[in-house]
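Residue numbers (the working numbering): 11 to 166.
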């Protein structure tokens with residue numbers, strides 16, 4: 011996996027938070043099923059893509075949050091179950107992740123193992139934030155869980 015690099019401004023998102031801990035299992039497809047009915051209710055949506063935010067909440071305790079989300083131009087009028095957040099923009103390493111329609115969790119785990127294992131340990135890599143996100147656009151088929159998604163990792 012060889013990343014491309016891009017720079018973009020701050021990213022405003024609205025999503026549904028699902029906390030989980032180090033070593034804990036996350037049922038990503040179940041979280042997305044809970045989020046999907048909200049997508050059309052979110053005002054100020056930008057584009058047709060969706061995001062899957064992975065954020066470290068407490069590094070020492072191993073507390074993480076996964077949040078399916080959409081990009082928005084502003085916050086307001088959100089359903090109570092959802093949150094709004096601005097992710098710091100800047101430079102990103104973007105990894106294409108081919109998805110076969112099989113075990114999407116295992117496919118993403120392999121990609122993350124490579125990114126935060128071999129790739130992030132290189133001397134020329136400097137991570138700059140405690141989040142990353144999956145980017146789903148027209149290349150991805152949510153019905154079959156196949157196609158391609160991207161993982162965006164903030165770097166210096």
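Where is the CB? At the ideal position from N, CA and C, for every residue including glycine.
In the three-state scheme derived from DSSP, where H, G and I count as helix and E and B as strand, residue 78 is classed as strand. Distance check between residue 45 and each of 61, 54, 30 and 102 places 61 closest, using alpha-carbon atoms only. Judged by DSSP secondary structure, residue 164 falls within the beta strand (DSSP E) whose first and last residues are 156-164. Nearest in C-alpha terms to residue 93, of all of 101, 99, 100 and 84, is 84. Of the residues assessed, residue 98 falls on the exposed side of the cut-off, its CB having fewer than 16 other CB atoms within 10 angstroms. Between the C-alpha atoms of residue 105 and residue 163 there is a straight-line separation of about 8 Å.
Between residue 165 and residue 132, the C-beta spacing is not below 8 Å. Contact between the region 11-26 and the region 108-116 is not established, with fewer than three Cβ pairs separated by less than 8 Å. In this structure, 142 is the residue among 69, 11 and 142 with its C-alpha nearest to the C-alpha of residue 78. Here residue 114 really is in contact with residue 155; their C-beta atoms are around 5 Å apart, less than 8 Å. CA-CA distance, residue 103 to residue 158, rounds to 16 Å. Comparing C-alpha distances from residue 52 to each of 59, 65, 37 and 80 shows the shortest one belongs to 80.
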